[in-house]
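J.: The structure follows.
There are 4 protein chains.
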Amino acid sequence: MPTPKVAPDSSRRSETARRAILAAAFDLVGEMGYAKLSIEGIAAAAGVGKQTIYRWWPSKGALLFDAFLALTTDGGQGGALPDTGDLAADLKLVLRATVDELHDPRYDLPMRALHTEIVHDPALAADYATRLDGPMRELKKERLRAAQRAGQLAEDVDLDVAVDLIFGPLLNRWLQRTGPLTHAYADQVVDTALGGLRPREA
Amino acid sequence: MPTPKVAPDSSRRSETARRAILAAAFDLVGEMGYAKLSIEGIAAAAGVGKQTIYRWWPSKGALLFDAFLALTTDGGQGGALPDTGDLAADLKLVLRATVDELHDPRYDLPMRALHTEIVHDPALAADYATRLDGPMRELKKERLRAAQRAGQLAEDVDLDVAVDLIFGPLLNRWLQRTGPLTHAYADQVVDTALGGLRPREA
Amino acid sequence: MPTPKVAPDSSRRSETARRAILAAAFDLVGEMGYAKLSIEGIAAAAGVGKQTIYRWWPSKGALLFDAFLALTTDGGQGGALPDTGDLAADLKLVLRATVDELHDPRYDLPMRALHTEIVHDPALAADYATRLDGPMRELKKERLRAAQRAGQLAEDVDLDVAVDLIFGPLLNRWLQRTGPLTHAYADQVVDTALGGLRPREA
Amino acid sequence: MPTPKVAPDSSRRSETARRAILAAAFDLVGEMGYAKLSIEGIAAAAGVGKQTIYRWWPSKGALLFDAFLALTTDGGQGGALPDTGDLAADLKLVLRATVDELHDPRYDLPMRALHTEIVHDPALAADYATRLDGPMRELKKERLRAAQRAGQLAEDVDLDVAVDLIFGPLLNRWLQRTGPLTHAYADQVVDTALGGLRPREA
DNA sequence: TGTTAATCGAGACGGTACGTCGAGTCTTGAA
DNA sequence: TTCAAGACTCGACGTACCGTCTCGATTAACA
């Protein structure tokens with residue numbers, strides 16, 4: 018049975034070319050932003066024929082996502098969230114680290130680009146959910162579950178909603194630039210989310 | 018911001034052309050999405066020369082924003098948030114309406130387009146903050162202030178953070194498709210944000 | 018009877034504007050050649066509205082022609098061709114002067130431009146024949162007639178053909194750059210045309 | 018000259034596209050004249066991308082010249098000028114044929130276009146001299162040399178000047194429309210050029 | 001251990017859109 | 001009414017990339 022056209026024989030695939038393309042894509046998007054990023058430019062920078070890109074990636078978004086994934090996986094922080102027993106402190110630590118990362122110019126443009134693609138491409142969004150956001154979210158929920166076991170988190174709280182409340186605001190503020198993205202803001206978010214908006218009964 | 022580079026004499030500006038352009042831009046982005054939206058297409062659909070667009074708008078994003086603003090302002094829901102005295106109920110009402118709006122196919126594509134443009138264009142983001150998000154956010158904060166006066170909201174809560182917690186998650190889930198966008202989710206967000214994640218002391 | 022649209026009331030015409038336009042047209046065509054000459058540019062250089070040009074000239078060629086005419090008439094060499102009694106010497110004098118003029122960079126570009134327009138626009142060609150070439154040609158023929166009376170030119174020679182033979186080659190060589198345009202060439206043309214190609218019977 | 022700026026690998030060049038472009042260029046210039054001839058129009062008529070034209074030709078004039086050359090070469094009359102032993106008769110034959118050709122509407126517009134481009138573009142003029150005018154002129158001079166050997170042409174006549182005198186006037190009259198272009202005129206030019214303007218000693 | 005078929009680099013191709021320039025028309029307000 | 005000014009529609013410019021399509025020239029699995 019001949020190999021179908023849609024799935025080229027990846028055994029013959031050049032690993033060198035693949036790596037060069039992903040690196041070039043990541044570098045270029047960081048240099049000149051997503052709008053001016055072109056397949057042609059990536060191919061040239063990677064010293065690769067255009068067809069080699071079109072052969073293996075269905076869209077610019079998919080390529081960008083792979084480029085992102087490659088770097089994240091390589092040096093991936095992989096591990097679980099810290100658990101010192103103090104939920105608020107742990108969350109603040111993580112959120113402050115996130116704030117720092119979002120300020121890193123090396124990641125700023127590529128991450129914005131990726132988010133743009135996700136917003137417009139449901140298929141890519143699904144991929145993102147499965148391969149990047151999903152695992153991350155699971156780690157976060159794991160930490161929250163531990164907190165529930167320790168009685169630091171209400172039993173009836175939906176953990177997905179909890180994750181949205183805690184980790185969403187930072188991303189929003191970063192993407193939309195609705196305000197300064199600081200450690201103080203990270204702390205406030207954690208405190209407010211944990212404590213709730215309603216006055217605590219004295 | 019949608020002010021032209023070397024401000025032409027706007028007193029001579031053709032109002033007919035302006036309106037036709039904004040309408041065409043909004044319609045086209047709704048029909049075929051932002052990626053395939055072209056200035057050339059908008060000009061053709063509006064029966065207008067390309068130069069007339071380039072004369073008055075510095076970027077596709079700025080034009081889109083104006084188109085959005087024109088429609089929002091025209092039929093604008095303008096008014097304050099409902100205040101029945103029951104904060105949770107009022108917020109749920111508003112969030113459920115937002116959910117419905119986000120499901121309206123007429124607004125889906127244009128709003129996604131606008132949001133991703135904001136992500137990439139700080140100038141546009143500033144304009145957005147001033148002319149769309151700002152006023153909206155003020156209305157939201159006004160309602161929350163009323164709740165504070167009524168003792169339904171803690172005195173020490175930062176209202177900006179509160180708004181982020183309540184209204185951000187919906188937008189995030191919609192943009193990133195991280196989960197179903199339902200009335201139930203809206204209710205959960207309100208309840209969780211108001212009550213907080215921490216267990217209430219019995 | 019109202020003045021017809023095709024012939025605006027020239028009594029109200031601004032002489033200042035007219036002169037400025039002609040001067041600007043001539044200068045600009047000399048500076049940047051005919052291809053890059055634009056009505057817009059002329060209007061700007063003359064400090065004049067575009068409409069003022071369109072009101073009074075039907076085409077770029079007509080304007081250029083007028084500009085040319087204005088300068089030629091002003092300092093026009095107007096007078097008859099020299100007549101010392103020696104036809105060959107007189108013609109060589111005139112042709113050598115023409116050679117010099119054609120080498121003047123101030124006139125090179127404008128004259129090429131004018132000739133181009135004449136080639137493509139029969140109406141302009143007619144105008145040219147009537148107002149520039151015609152009078153010139155008459156002066157030349159007058160000199161040849163005198164030569165005929167003096168027995169230096171055959172009686173049966175068609176003077177128009179004679180003029181073509183004597184004055185045409187210079188123009189051709191200049192326009193098409195088929196060879197160097199020198200005084201020697203001018204002399205050769207005169208001698209050959211007068212003497213004929215056929216061997217003189219001994 | 019029609020050599021591209023940074024010579025692309027012409028081995029990959031599409032002969033189909035080349036031919037279609039040249040044909041379209043020639044046809045269009047004949048239909049609507051040089052002024053309204055656009056690269057865009059040629060590309061569309063040839064079913065070709067604009068870039069394919071820009072890739073291989075540096076200017077509209079160069080393209081036009083190639084188009085002209087292609088047709089001239091294809092059906093090229095190539096051969097030498099007739100030589101019956103009677104120089105005057107032979108020249109009249111050739112000039113009358115030229116008159117007829119210049120009246121052919123199929124060639125009128127394209128040839129005017131080519132000639133005016135030559136006037137403005139020295140590089141094109143050089144190419145024209147090398148590839149079209151040069152060979153033609155050589156044929157003409159060859160015939161004149163034969164006449165010299167036969168004693169029908171003075172020995173001391175510069176053949177280039179002779180060619181200018183014989184063949185130039187027709188072109189001039191045609192381009193500038195300074196008079197009717199007839200067989201009679203052709204004959205007159207030959208007779209006058211051969212006989213000279215000066216009276217023959219009886 | 002050659003054969004052979006997929007992949008590679010390169011880049012021409014037909015297209016679409018870009019952002020700019022200028023054409024020629026029209027409108028406004030001043031002289 | 002003409003003028004300077006300049007916005008308007010329209011068409012073309014020359015460029016940048018798109019995604020498809022040959023081209024040899026590797027190159028790695030199979031025969």
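Protein chains in written order, with this note's numbering: chain A, 18 to 219; chain B, 18 to 219; chain C, 18 to 219; chain D, 18 to 219. Positions of the beta carbon are idealized from the N, C-alpha and C atoms, including for glycine. None of the values given here were measured: they were computed from a predicted structure.
From this set, D:Val-207, D:Arg-215 and D:Ile-135, which residue's C-alpha is nearest Gly-12 of chain D's C-alpha?
T.: Absent from the model: residue 12 of chain D. The displayed extent of chain D is 18 to 219, so no value can be given.
J.: What did DSSP end up calling Asp-8 of chain D once you bin it into helix, strand or coil?
T.: What the structure shows of chain D is the stretch from 18 to 219, and residue 8 of chain D is not part of that stretch, so it cannot be assessed.
J.: Report yes or no: is there a C-beta of chain D within less than 7 Å of the C-beta of Gly-212 of chain C?
T.: yes
J.: Please classify Gly-185 of chain A as buried or exposed, where buried requires at least 16 other C-beta atoms within 10 Å of its C-beta.
T.: That one is buried.
J.: Specify the secondary structure class of Leu-131 of chain A as computed by DSSP and reduced to three states.
T.: helix
J.: Please report the distance separating the alpha-carbon of Leu-119 of chain C from that of Asp-208 of chain C.
T.: Distance between the alpha carbons of Leu-119 of chain C and Asp-208 of chain C is about 21 Å.
J.: What are the residues in the segment 185 to 200 of chain C lying within 8 Å of chain D by C-beta distance?
T.: For the segment 185 to 200 of chain C, the beta-carbon criterion of a distance under 8 Å to any beta-carbon of chain D is satisfied by Gly-185, Pro-186, Leu-188, Asn-189, Arg-190, Leu-192, Gln-193, Arg-194, Thr-195 and Gly-196.
J.: Touch check for the segment 55 to 71 of chain C and the segment 165 to 183 of chain C: three-plus C-beta pairs under 8 Å?
T.: Touching, no.
J.: Excluding the 5 residues flanking Val-111 of chain B on each side, which residues of the same chain have their C-beta closer than 8 Å to its C-beta?
T.: If you ignore the 5 residues before and after Val-111 of chain B, its C-beta comes within less than 8 Å of the C-beta of Leu-98 and Pro-99, all in its own chain and listed in chain order.
J.: With 16 as the cutoff for other CB atoms within 10 Å, does Met-49 of chain D come out buried or exposed?
T.: By the 16-neighbour rule on beta-carbons within 10 angstroms, Met-49 of chain D is exposed.
J.: Under 7 Å, do Leu-45 of chain C and Leu-39 of chain C count as touching if we go by C-beta distance?
T.: no
J.: With contact counted as at least three CB pairs below 8 Å, one residue from each stretch, are the segment 114 to 133 of chain A and the segment 188 to 206 of chain A in contact?
T.: Taking a cut-off of 8 Å on C-beta distances, the segment 114 to 133 of chain A touches the segment 188 to 206 of chain A, as three or more cross pairs fall below it.
J.: Answer yes or no: the CB of Asp-107 of chain B versus the heavy atoms of the ligand GDP, is any distance below 6 Å?
T.: As presented, the structure is devoid of all ligands, the ligand GDP included, so that no description of it is given.
J.: DSSP three-state label for Arg-72 of chain B, please.
T.: helix
J.: Less than 7 Å between the C-beta atoms of Ala-63 of chain B and Ala-37 of chain B, yes or no?
T.: yes
J.: Quick one, which of A:Leu-81, A:Gln-205 and A:Leu-88 has its alpha-carbon nearest Leu-106 of chain A's?
T.: Contrary to the premise, residue 106 of chain A reads as Ala rather than Leu in this sequence. Ranking A:Leu-81, A:Gln-205 and A:Leu-88 by Cα distance to Ala-106 of chain A puts A:Gln-205 first.
J.: Under 7 Å Cβ-Cβ, which residues of chain D neighbour Ile-135 of chain C?
T.: Gln-193
J.: For Gly-168 of chain D, go through chain C and note every residue whose CB falls closer than 7 Å to its CB, in chain order.
T.: Pro-216
J.: Where Asp-150 of chain B and Ala-34 of chain D are concerned, what is the direct C-alpha to C-alpha distance, given to the nearest angstrom?
T.: 54 Å
J.: For a test of the three-state rule: what should DSSP assign to Tyr-51 of chain A, helix, strand or coil?
T.: Coil at Tyr-51 of chain A, not helix or strand.
J.: Using the Cα positions of Pro-152 of chain C and Arg-160 of chain C, report the straight-line distance between them to the nearest angstrom.
T.: 13 Å
J.: In chain B, which residues lie with their C-beta within 7 Å of the C-beta of His-132 of chain A?
T.: Val-136
J.: Does Arg-129 of chain C have its Cβ less than 7 Å from a Cβ in chain D?
T.: yes
J.: Should Gly-102 of chain C be labelled buried (16 or more other beta-carbon atoms within 10 Å of its own) or exposed?
T.: exposed
J.: Quick one: list the residues of chain D neighbouring Ala-163 of chain C, beta-carbon separation under 8 Å, in chain order.
T.: The premise fails here: Ala-163 of chain C is roughly 13 Å from chain D at the closest Cβ pair, so nothing lies under 8 Å.
J.: With DSSP collapsed to three states, give me the class of Leu-98 of chain B.
T.: coil
J.: Which residues, in chain order, does the segment 30 to 53 of chain B contribute to contact with chain A at a C-beta distance below 8 Å?
T.: When CB distances to chain A are screened at a threshold of 8 Å, the residues of the segment 30 to 53 of chain B falling below it are Gly-50, Tyr-51 and Ala-52, in chain order.
J.: Would you report the Cα separation of Thr-199 of chain C and Arg-113 of chain C, rounded to the nearest angstrom?
T.: 8 Å
J.: Which residues in the same chain have their Cβ closer than 8 Å to the Cβ of Ala-61 of chain B, if we skip the five residues on either side of it in sequence?
T.: none
J.: From this set, D:Ala-41, D:Trp-73 and D:Ile-56, which residue's C-alpha is nearest Pro-25 of chain D's C-alpha?
T.: D:Trp-73
J.: Is there a Cβ of chain A sitting closer than 7 Å to that of Gln-68 of chain B, yes or no?
T.: no
J.: Residues of the segment 95 to 118 of chain D in Cβ contact with chain C at a cutoff of 8 Å, in chain order, please.
T.: none
J.: Taking 7 Å as the threshold (C-beta atoms), are Val-174 of chain C and Leu-214 of chain D in contact?
T.: yes
J.: In three-state terms, what does DSSP make of Pro-122 of chain C?
T.: helix
J.: Use the C-beta contact count for Ala-143 of chain A: other C-beta atoms within 10 angstroms, 16 or more gives buried, fewer gives exposed.
T.: Under a 10 Å Cβ-count criterion, Ala-143 of chain A is classified as exposed, with fewer than 16 other Cβ atoms of the shown protein chains found around its own Cβ.
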